[in-house]
Amino acid sequence: GQNIDQPTEMTATEGAIVQINCTYQTSGFNGLFWYQQHAGEAPTFLSYNVLDGLEEKGRFSSFLSRSKGYSYLLLKELQMKDSASYLCALLSGDYKLSFGAGTTVTVRA
Amino acid sequence: IAGITQAPTSQILAAGRRMTLRCTQDMRHNAMYWYRQDLGLGLRLIHYSNTAGTTGKGEVPDGYSVSRANTDDFPLTLASAVPSQTSVYFCASSDSTAHTGELFFGEGSRLTVL
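The listed protein sequences correspond, in order, to chains P and L. According to my numbering, the first sequence is numbered sequentially starting from 1. According to my numbering, the second sequence is numbered sequentially starting from 1.
Right, here's the structure in full:
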């Protein structure tokens, strides 16, 4: 099975940078995902890492270290619309996606 | 616009009643999933289907059943609803042949069991 841990809540100021950490334990690994979910809406895909290193996509970057069972999502130049929950998810050996409980990010003016 | 459609959007149900949540996708994805989302617990996999005609149990399958008669439809049935099944239910699909695992989610069905 999988065990995925991420902080429950984070608060940051508009224009700042926030880093959301995710640690995991798994018996099989085929990739790590980050999803964004605004309140009352469906999750939407942000990023996917299967190899160690940094993946950059605009203001969002995601990092993976498979040997450490660790990932982070970096949000730069925060905007009010970035207030949302960010879900770390693990793709298992049989290609099922398991989610962490999510980190609620609040961006303040 | 291609995507996943769930129905109903919201439902209040008496305990003991039978309920089917509908899910239809038009992306021809082979894999489909049902998750429930509860505060503090995140998304938990109930059942999944890797291809039409096959289904499998996820993390929390008890009290739920699914069927996958064709590629597009993946209904979730609660045979006899209980209050602990009060939750938001998300249907999702993926092209598992791509092996990237990206899920596309429906808008969710909010179910309240009294």
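Cβ coordinates follow ideal geometry from the N, Cα and C atoms, glycine included.
Partner residues on chain P for residue i, Cβ-Cβ distance less than 8 Å
| i | result |
| --- | --- |
| L:Tyr-48 | Lys-96 |
| L:Leu-21 | The premise fails here: L:Leu-21 is roughly 14 Å from chain P at the closest Cβ pair, so nothing lies under 8 Å. |
Cutoff 7 Å: residue i Cβ touching any chain L Cβ
| i | result |
| --- | --- |
| P:Gly-28 | no |
| P:Ala-101 | yes |
8 Å Cβ shell around residue i - same chain, five flanking residues per side excluded
| i | result |
| --- | --- |
| L:Arg-14 | Note that residue 14 of chain L is Ala in the sequence shown here, rather than Arg. Answer for L:Ala-14: Ala-81, Val-113, Leu-114, listed in chain order. |
| P:Asn-21 | Gln-6, Pro-7, Tyr-70, Ser-71, Tyr-72 |
| L:Met-19 | Gln-11, Leu-13, Thr-77, Leu-78, Ala-81, Leu-111 |
Where the beta strand (DSSP E) containing residue i begins and where it ends
| i | result |
| --- | --- |
| P:Val-105 | 103–108 |
| L:Met-19 | 19–25 |
| P:Ala-84 | 84–91 |
| L:Ala-7 | 4–7 |
| L:Met-32 | 31–38 |
| P:Thr-44 | 44–49 |
| P:Lys-57 | 53–57 |
| P:Asp-5 | 2–5 |
| L:Val-60 | Per DSSP, L:Val-60 belongs to no beta strand (DSSP E) and is neither H nor E. |
| P:Met-10 | 9–13 |
| L:Val-113 | 109–113 |
| P:Ser-27 | From DSSP, P:Ser-27 is part of no beta strand (DSSP E); its letter is neither H nor E. |
| L:Thr-77 | 76–78 |
Cβ shell of residue i (< 6 Å), same chain only, five flanking positions each side left out
| i | result |
| --- | --- |
| L:Val-60 | Arg-44, Ile-46 |
| L:Leu-12 | Residue identity check: residue 12 of chain L is Ile in the sequence provided, not Leu. Thr-112. |
| P:Phe-99 | Leu-87, Ala-89 |
| P:Arg-59 | Lys-76, Glu-77 |
| P:Gly-102 | Ser-85, Leu-87 |
| P:Glu-9 | Thr-104 |
| L:Asp-73 | Thr-24 |
CB contact check: residue i to chain P, cutoff 7 Å
| i | result |
| --- | --- |
| L:Phe-74 | no |
| L:Leu-111 | no |
| L:Gly-53 | no |
| L:Gly-63 | no |
Neighbour list for residue i in chain P, Cβ cutoff strictly below 9 Å
| i | result |
| --- | --- |
| L:Leu-103 | Phe-33, Tyr-35, Pro-43, Phe-45, Ala-89, Leu-97 |
| L:Leu-45 | Lys-96, Leu-97, Ser-98, Phe-99 |
Residues that residue i contacts on chain P, provided the C-beta gap is smaller than 7 Å
| i | result |
| --- | --- |
| L:Ala-106 | One detail in the question is off: residue 106 of chain L reads as Gly in this sequence, not Ala. The answer, in chain order, is Ala-42. |
| L:Leu-13 | Residues of chain P passing the Cβ test: none, with the nearest at roughly 20 Å. |
| L:Gly-40 | Ala-101 |
Neighbourhood of residue i by C-beta distance below 7 Å, restricted to the same chain and skipping five residues each side
| i | result |
| --- | --- |
| P:Gly-31 | Tyr-48, Asn-49, Val-50, Leu-91 |
| L:Ser-65 | Thr-77, Ala-79 |
| L:Ser-87 | Arg-36, Gln-37, Asp-38, Leu-111 |
| P:Arg-66 | Phe-29, Asp-52 |
| P:Glu-55 | Ser-47, Asn-49, Ser-61, Ser-62 |
Q. Listed in chain order, which residues of the region 38–68 of chain P have Cβ atoms closer than 9 Å to some Cβ of chain L?
A. Taking 9 Å as the cut-off between beta carbons, the residues of the region 38–68 of chain P near chain L are Gly-40, Glu-41, Ala-42, Pro-43, Thr-44, Phe-45, Tyr-48, Val-50, in sequence order.
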